[in-house]
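The listed protein sequences derive, respectively, from chains A and B. First residue of the first sequence? That's 15 in this note's numbering, and the numbers climb one at a time after it. First residue of the second sequence? That's 9 in this note's numbering, and the numbers climb one at a time after it. Heads up, the beta-carbon is just placed ideally off N, CA and C, and yes, glycines get one too. This report concerns only the one structure given below.
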Amino acid sequence: MEKERKIKVLIAKPGLDGHDRGAKVLSFGLRDQGMEVIYTGRRQSVQQIVNSALQEDVDVVGLSILSGAHLTFFPKVVDLLRENGAEDMLVIGGGIIPENHIPILKEKGVTEIFGPGTMIKDIGDFIRKNVRKIA
Amino acid sequence: MDNKDKLAEIKEKKKEWEEKVLLPAAKRFGIEKKPTEFHTPLDIADFDFVRDVGFPGQYPFTTATYPVSLVPSIERGAKPGGLRRAGTYSGYGTPEDTRDYYKQMAKLSWTGGPNLALDLPTQCGYDSDNEMVEGEIGKVGVAIDTLRDFEVIFEAFTGDQDVDRIATNITINAAANILVAMYIALAEKRGIPMAKLRCTPQNDILKEFVSRGTYIFPPRPSMRMFRDSVVFFTENLPGINITSIGGYHIREGGSTREQELAFSMAIGIAYLQEGVNAGVDIDAFTPKFTFNAFGGSMQFFKEIAFQRAARRMWAKILKERFGAKKKDSMRIRCPITAHVGCSSTTKQRALNNLSRSVVGAIAGVLSGGPPYAFPPYDEPLGLGWSLEARQLAEDATRIIMYETGMCDVIDPLAGSYYVESLTNEIEDAAWKEIEKVESMGGAVTAIENGYMQREVAKSAAERQARIERREELVVGVNCFTEEYELDVTTSKIIEHPYSEEKRYDAEKQQKANLAEVKRTRNNREVTRLLGELESAAKKEDKNLMPLFIDLAREYATLQEQCDVLRGVFGEWQLDTFV
Numbered sequence: 015m016e017k018e019r020k021i022k023v024l025i026a027k028p029g030l031d032g033h034d035r036g037a038k039v040l041s042f043g044l045r046d047q048g049m050e051v052i053y054t055g056r057r058q059s060v061q062q063i064v065n066s067a068l069q070e071d072v073d074v075v076g077l078s079i080l081s082g083a084h085l086t087f088f089p090k091v092v093d094l095l096r097e098n099g100a101e102d103m104l105v106i107g108g109g110i111i112p113e114n115h116i117p118i119l120k121e122k123g124v125t126e127i128f129g130p131g132t133m134i135k136d137i138g139d140f141i142r143k144n145v146r147k148i149a
Numbered sequence: 009m010d011n012k013d014k015l016a017e018i019k020e021k022k023k024e025w026e027e028k029v030l031l032p033a034a035k036r037f038g039i040e041k042k043p044t045e046f047h048t049p050l051d052i053a054d055f056d057f058v059r060d061v062g063f064p065g066q067y068p069f070t071t072a073t074y075p076v077s078l079v080p081s082i083e084r085g086a087k088p089g090g091l092r093r094a095g096t097y098s099g100y101g102t103p104e105d106t107r108d109y110y111k112q113m114a115k116l117s118w119t120g121g122p123n124l125a126l127d128l129p130t131q132c133g134y135d136s137d138n139e140m141v142e143g144e145i146g147k148v149g150v151a152i153d154t155l156r157d158f159e160v161i162f163e164a165f166t167g168d169q170d171v172d173r174i175a176t177n178i179t180i181n182a183a184a185n186i187l188v189a190m191y192i193a194l195a196e197k198r199g200i201p202m203a204k205l206r207c208t209p210q211n212d213i214l215k216e217f218v219s220r221g222t223y224i225f226p227p228r229p230s231m232r233m234f235r236d237s238v239v240f241f242t243e244n245l246p247g248i249n250i251t252s253i254g255g256y257h258i259r260e261g262g263s264t265r266e267q268e269l270a271f272s273m274a275i276g277i278a279y280l281q282e283g284v285n286a287g288v289d290i291d292a293f294t295p296k297f298t299f300n301a302f303g304g305s306m307q308f309f310k311e312i313a314f315q316r317a318a319r320r321m322w323a324k325i326l327k328e329r330f331g332a333k334k335k336d337s338m339r340i341r342c343p344i345t346a347h348v349g350c351s352s353t354t355k356q357r358a359l360n361n362l363s364r365s366v367v368g369a370i371a372g373v374l375s376g377g378p379p380y381a382f383p384p385y386d387e388p389l390g391l392g393w394s395l396e397a398r399q400l401a402e403d404a405t406r407i408i409m410y411e412t413g414m415c416d417v418i419d420p421l422a423g424s425y426y427v428e429s430l431t432n433e434i435e436d437a438a439w440k441e442i443e444k445v446e447s448m449g450g451a452v453t454a455i456e457n458g459y460m461q462r463e464v465a466k467s468a469a470e471r472q473a474r475i476e477r478r479e480e481l482v483v484g485v486n487c488f489t490e491e492y493e494l495d496v497t498t499s500k501i502i503e504h505p506y507s508e509e510k511r512y513d514a515e516k517q518q519k520a521n522l523a524e525v526k527r528t529r530n531n532r533e534v535t536r537l538l539g540e541l542e543s544a545a546k547k548e549d550k551n552l553m554p555l556f557i558d559l560a561r562e563y564a565t566l567q568e569q570c571d572v573l574r575g576v577f578g579e580w581q582l583d584t585f586v
C-alpha cells in the first residue's frame with residue numbers, strides 16, 4: 015500500500031562517548047540519499063535506543079561509538095531488539111572498532127561495521143541492499 | 009619611487025604577466041579556471057611590520073610566543089628518553105593499572121608528571137558502581153571515584169618525582185574543580201601545601217558543548233564553576249593553570265579553520281569576562297590560561313597562517329578589549345603549533361599517516377613551535393598507540409630538530425606575501441564570526457541556542473560531501489585505491505604495556521575498590537558535607553572549592569558530589585542540533 019515509503023534509519027550514540035561527528039555526518043548524508051533519519055543525540059542507554067527504534071519502527075539502527083565500549087553496547091542493543099520481536103531490523107555499527115573485534119560483533123548480530131574513511135554512498139548502498147523488504 | 013608608485017608598477021606588470029605569460033600556460037595545462045597562485049606585495053599593500061608581525065616573544069606575537077625556539081639542546085634532547093615524558097596522554101583501567109604503567113615507563117627513563125586520561129564515567133561525573141555506565145569503566149582512561157584512586161596512581165610519583173616536583177595534567181572539564189580538590193587533598197596527606205602544586209586541569213567546559221561532549225551541568229552553572237576556579241586558584245594555587253583551552257576539539261568535531269578560531273576565541277573571551285566579573289585583576293589570572301592545541305589539517309600554508317593569526321588575535325583581545333598590561337597575559341601559551349590533526353589520518357594504508365604527520369611537523373616548526381610529528385601513524389586503528397608508532401613519530405621529530413636546521417630560525421615565512429595575506433584573511437574571517445557570536449550575546453548564548461553545535465555539524469557534513477564528490481582528495485580513501493595499490497599493513501612487534509586482559513578485568517576490580525572505600529570511610533561526615541555542598545551550591549556567590557577539598561579528604565565520591573550539583577544546577581539538555 016505504501017510502496018514508496020522511505021527507508022527509516024535511527025542513528026544512535028550509545029553510552030557516554032561524545033564523538034558525534036560521524037553520527038551527524040552520516041545522518042545528513044543518508045538524508046541526502048532520500049532516507050528518513052532520526053538521530054538520538056549523545057548518551058543514550060540501550061533501553062532508550064531500543065525504545066526509539068520500536069516507537070519509530072525503523073528499518074535500520076546505526077550505532078556509533080569511539081570509546082571502546084562497543085563490545086558491551088552493540089550486542090546489548092541487538093539482543094534487546096530481538097527480545098522485542100524486532101529481529102528484522104538491520105543493525106550496523108561504526109566508529110573506531112579494532113579489526114579483531116569485527117568478527118565478534120558480526121557473530122552477535124551486527125550485520126556490518128563501517129570504519130573511518132567509509133563513503134556514505136557505500137553505507138547507503140549497503141542499507142538498500144540489506145534492509146528488510148519494504149512492503 | 010615611493011611605495012605607492014612601486015605598487016602601481018607591480019600592478020601593471022602583474023596584469024601584463026597574467027595576460028601574456030600565465031593565461032597561455034594555464035590554458036595549455038587546462039587549469040585556466042584556477043591557475044596556480046602567485047603572490048605579490050599587492051596582497052599586503054598596507055603591511056606594517058611592527059604592527060602586524062613584530063619580534064618573536066613580543067606583541068602582537070604573530071611570529072612566536074617566545075623569543076627563542078623551544079627545541080631542547082642536543083645534550084638534553086639526545087639522551088635516552090630525552091624527549092619522552094610521562095606527559096604523553098595516558099591512563100588505563102584501574103588506578104593500580106595506571107600506577108603500574110607509569111612505573112614501567114619510568115624504567116624507560118620517562119620523567120615528569122602524568123598527563124592523565126580519564127574514563128568517560130569520570131569525565132561525565134559517574135562512579136564506577138553505577139549500572140548505567142557498565143562497559144565504560146577504565147576505557148579511554150583511568151577510572152577515578154575518590155581520593156583513594158589518586159593515592160594509588162601517584163604511588164608511581166614519589167621522591168624526586170613527588171607532587172611538588174612534577175607538573176600533572178588532568179583532562180577533566182565539567183568536574184575539574186572536584187578533581188583538583190582531590191589532588192590538593194593528596195598533596196596535603198603527603199605534607200605538601202597546595203601552593204606548591206603544579207597542575208593543569210583542562211577545565212575548558214564550553215568547548216565540551218560544541219564538541220567532545222563531556223558536559224554535566226548546563227552552560228551557565230558550568231561557568232559559575234569556572235569562576236570558582238579563577239578566584240580560588242588565583243588566590244591559593246599560584247602553580248596551577250586555570251584552563252587549557254582547546255580549539256582542537258572543535259576542529260576535530262568538523263568545524264572549518266575559521267569557525268574554530270572564532271569559536272575558541274569567543275570561548276576564551278567568555279572565560280576572561282567571568283574572571284573580570286568576579287573582580288579578579290586581568291593580569292593576575294590570565295597568565296595562568298594555557299591552550300592545549302588548536303586544530304590542524306593537511307592544508308600546510310593555511311595552518312601556518314592560522315597559528316600566526318591566533319596568536320595575534322589573542323594578544324589583541326587581551327590588550328585592546330581587556331586592557332591587560334602584562335606581556336604574559338597576552339601570549340598564547342601552547343605547547344604545540346600547526347599539525348595535521350588526528351582527523352587527517354586514515355585507517356586505509358595507515359603507514360601513510362607517518363608521512364602526513366611529518367608534513368604537520370614541518371608546519372609546526374614553520375609556525376613557531378616544535379616539530380611534533382603527531383599523531384603516531386596507528387592513531388585511527390584503535391585506542392592505545394603501539395610503541396613502534398611512537399618511536400617513529402619521535403624519531404621524525406628528532407630528524408627535523410637535529411638534521412635539517414629548520415629549528416635554527418623562527419617564522420621564516422614572516423613577510424611572505426602569501427603567508428601574510430593568508431594570515432590577514434583568516435583573522436578577518438574569524439573576527440566576522442566572533443561578531444556574529446557576540447551579537448547573539450557571546451559564546452554561552454551561542455552554545456545554549458545550539459548555534460555553534462549546528463554550524464560545526466554543517467561544516468563536517470559539507471566536508472564529507474566534498475570528499476565523496478572528490479573535490480577534496482585523500483590518498484587511499486577516495487583516490488589511488490585501485491586494486492594494484494599495495495595494502496601496506498602495520499606490524500606490531502612490541503606489545504603495548506597495557507594488555508587487553510587487564511582491560512577486561514578493570515571494571516570488576518574498580519567496583520570492588522570503590523565498595524571498600526564506601527565501607528571504610530566516615531559515612532556520617534560524608535553525608536553532612538554533601539548537605540553543606542547543597543546549600544552552598546544554592547548560593548550563587550559562594551565558592552565551592554573549599555567544600556570540594558573537605559569532601560575529597562573524607563573520600564566522598566565524584567558522583568555523590570556531582571549528583572548534589574545536578575540537583576541544584578540541573579543537567580544539560582541533550583539537544584541533537586541536526
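Any chain A beta carbon closer than 8 Å to residue i
i, result
"residue 220/B", "yes"
"residue 453/B", "no"
"residue 129/B", "yes"
"residue 183/B", "no"
"residue 140/B", "yes"
"residue 199/B", "no"
"residue 304/B", "no"
"residue 569/B", "no"
"residue 388/B", "yes"
"residue 469/B", "yes"
Contacts around residue i, its chain only, beta-carbon distance under 6 Å, and the 5 residues preceding and following it disregarded
i, result
"residue 106/A", "76, 125 and 126"
"residue 111/B", "164"
"residue 216/B", "181, 222 and 223"
"residue 556/B", "185, 186 and 189"
Reference residue i, options the options, closest by Cα
i, options, result
"residue 106/B", "518/B, 543/B, 572/B and 283/B", "518/B"
"residue 189/B", "156/B, 215/B, 214/B and 165/B", "156/B"
"residue 602/B", "531/B, 148/B, 328/B and 554/B", "Given a span of 9 to 586 for chain B in the structure shown, any question on residue 602/B remains unanswerable."
"residue 49/B", "402/B, 334/B and 430/B", "430/B"
"residue 169/B", "192/B, 140/B, 118/B and 129/B", "118/B"
"residue 146/A", "62/A, 74/A and 61/A", "74/A"
"residue 600/B", "412/B, 185/B, 202/B and 151/B", "Absent from the structure is residue 600/B, since the part of chain B shown begins at 9 and ends at 586."
"residue 117/A", "84/A, 91/A, 54/A and 140/A", "84/A"
"residue 69/B", "210/B, 546/B and 377/B", "377/B"
"residue 297/B", "281/B, 320/B and 337/B", "337/B"
"residue 265/B", "318/B, 521/B and 526/B", "318/B"
"residue 282/B", "245/B, 349/B and 214/B", "214/B"
"residue 154/B", "246/B, 418/B and 134/B", "134/B"
Rounded Cβ spacing between residue i and residue j (contact assumed at less than 8 Å)
i, j, result
"residue 2/A", "residue 472/B", "What the structure shows of chain A is the stretch from 15 to 149, and residue 2/A is not part of that stretch, so it cannot be assessed."
"residue 59/A", "residue 51/A", "Their Cβ separation, rounded to whole angstroms, is 20 Å, which puts residue 59/A and residue 51/A out of contact at 8 Å."
"residue 475/B", "residue 483/B", "Between residue 483/B and residue 475/B the Cβ distance is about 12 Å, and since that is not below 8 Å, they are no contact."
Neighbourhood of residue i by C-beta distance below 7 Å, restricted to the same chain and skipping five residues each side
i, result
"residue 464/B", "218, 219, 258, 261, 262, 263 and 267"
"residue 422/B", "61 and 71"
"residue 109/B", "98, 100, 505 and 506"
Proximity test, Cβ basis, 8 Å: residue i and chain B
i, result
"residue 133/A", "yes"
"residue 32/A", "yes"
"residue 123/A", "no"
"residue 128/A", "no"
"residue 140/A", "no"
Contact set for residue i: own chain, Cβ-Cβ below 8 Å, skip 5 residues either direction
i, result
"residue 420/B", "374"
"residue 414/B", "370, 373, 374, 379 and 408"
Check: residue i C-beta below 7 Å from any heavy atom of the ligand HEM
i, result
"residue 18/B", "Questions concerning the ligand HEM fall outside what the structure shown contains, since it holds no ligand whatsoever."
Residue i: contacting residues in chain E (beta-carbon distance under 7 Å)
i, result
"residue 148/B", "Chain labels in this structure do not include chain E; the protein chains are A and B."
Counting pairs of Cβ atoms below 8 Å between the segment 169–178 of chain B and the segment 223–241 of chain B, do you hit three or more? no
Any contact between the segment 355–371 of chain B and the segment 399–412 of chain B? By contact I mean 3 or more CB pairs, one from each, below 8 Å. At 8 Å Cβ cutoff, the stretches touch.
Sufficient close CB pairs (3 or more, under 8 Å) joining the segment 295–305 of chain B to the segment 340–349 of chain B: yes
With a cut-off of 8 Å, do at least 3 Cβ pairs link the segment 22–34 of chain A to the segment 453–460 of chain B? Output reads no: the segment 453–460 of chain B does not touch the segment 22–34 of chain A.
Check whether the segment 329–337 of chain B touches the segment 352–368 of chain B, taking contact to mean three or more Cβ pairs, one atom from each stretch, closer than 8 Å. no
Assess contact between the segment 244–257 of chain B and the segment 208–215 of chain B, defined as three or more Cβ pairs (one per stretch) separated by less than 8 Å. Is contact present? yes
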